[in-house]
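Since the structure comes first, as structure tokens, the remarks are kept for the end.
Chains as they are written, first to last, in the working numbering: chain R, 2 to 114; chain L, 22 to 130.
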């Protein structure tokens with residue numbers, strides 16, 4: 002089974018703090034994604050990565066950056082958190098050569114106070 | 022216009038009835054279409070994929086695709102309380118998956 006693991010289930014941070022959200026997948030997938038999910042807005046793509054060291058902006062990249070130094074790990078960085086970044090963050094991975102199905106991590110609920 | 026539009030619901034269906042979930046999309050070149058199910062507090066999981074016009078059946082689930090009308094639907098027959106969840110319509114874009122906002126479905130015993 003594909004496993005996508007996010008480093009934290011719940012995080013509470015103060016405004017202005019720096020936050021790293023880590024995501025690791027164990028299936029050698031090329032594509033990895035970061036989404037945030039908010040009530041009434043669905044899943045919105047923040048950033049995605051085709052392969053190691055490659056990244057593309059999604060629909061809402063402002064306030065976020067990413068890092069993909071190794072194929073299995075895709076990190077989302079919030080340089081200076083704000084209350085409007087309070088959300089559920091979901092990481093996903095996919096192997097486009099085999100399947101278009103995306104496999105999701107368990108999600109990180111981030112609260113910025 | 023949003024790329025993928027769903028009625029957010031909530032949609033309430035009696036147990037044993039057919040639940041019908043609908044989705045429209047704007048990108049005519051989309052070739053792959055998916056339905057994900059998300060239970061409260063959990064991550065989305067794939068339940069159906071469809072790539073060509075017509076119907077695709079898998080157990081109690083049937084996905085329907087009409088590319089000319091840019092419309093995709095999901096039917097759930099013999100609805101069970103365990104089907105209560107949010108259903109996400111997902112379209113394969115050029116390089117990424119585009120999600121609808123989801124329809125919350127409640128099956129009433």
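Every residue, glycine too, gets a C-beta built ideally from N, C-alpha and C.
Sorting 53(R), 22(R), 28(R) by C-alpha distance to the C-alpha of residue 5(R) places 28(R) at the top.
A distance below 8 Å between beta-carbons, with the five flanking residues on each side excluded, links residue 49(R) to the following residues of its chain, in chain order: 32, 33, 34, 35, 56, 57, 59. At a beta-carbon threshold of 7 Å, the residues of chain R lying near residue 29(L) are 41, ordered along the chain.
Rounded to whole angstroms, the gap between the alpha carbons of residue 14(R) and residue 39(R) is 18 Å.
If you compare the alpha carbons of 127(L), 120(L), 126(L) with that of residue 48(L), the shortest gap goes to 120(L). In its chain, beyond the 5 residues on either side, no residue has a beta carbon closer than 6 Å to the beta carbon of residue 61(L). In this structure, DSSP gives residue 99(L) a state outside helix and strand, which the three-state scheme calls coil. Between residue 94(L) and residue 85(L), the CB-CB gap stays under 8 Å. Contact check for residue 37(R) against residue 88(R) passes: the beta carbons are separated by less than 8 Å. For residue 102(R), the nearest CB of chain L lies under 8 Å from its own CB, placing it at the interface with that chain. A distance below 8 Å separates the beta carbons of residue 122(L) and residue 43(R).
In this structure, residue 107(R) lies near residue 10(R), with their beta-carbon atoms less than 8 Å apart. Not a single C-beta of chain R is nearer than 8 Å to the C-beta of residue 86(L). In terms of Cβ geometry, residue 124(L) and residue 27(L) form a close pair [threshold 8 Å]. Taking C-beta atoms as the reference points, residue 26(R) and residue 94(R) count as a pair closer than 8 Å.
A Cβ-Cβ distance of about 11 Å is found for the pair residue 78(R) and residue 62(R), leaving them out of contact under the 8 Å criterion. Per the C-alpha coordinates, the member of 31(L), 34(L), 36(L), 42(L) positioned closest to residue 111(L) is 42(L).
By the neighbour-count criterion, in which 16 or more other beta carbons inside 10 Å mark a residue as buried, residue 99(R) falls on the exposed side. Counting only runs of 3+ residues, the beta strand (DSSP E) found wholly inside the segment 5-72 of chain R occupies 5-7, 11-14, 20-26, 32-39, 43-50, 66-71, in chain order. In the displayed model, residue 91(L) falls within coil according to three-state DSSP, outside both helix and strand.
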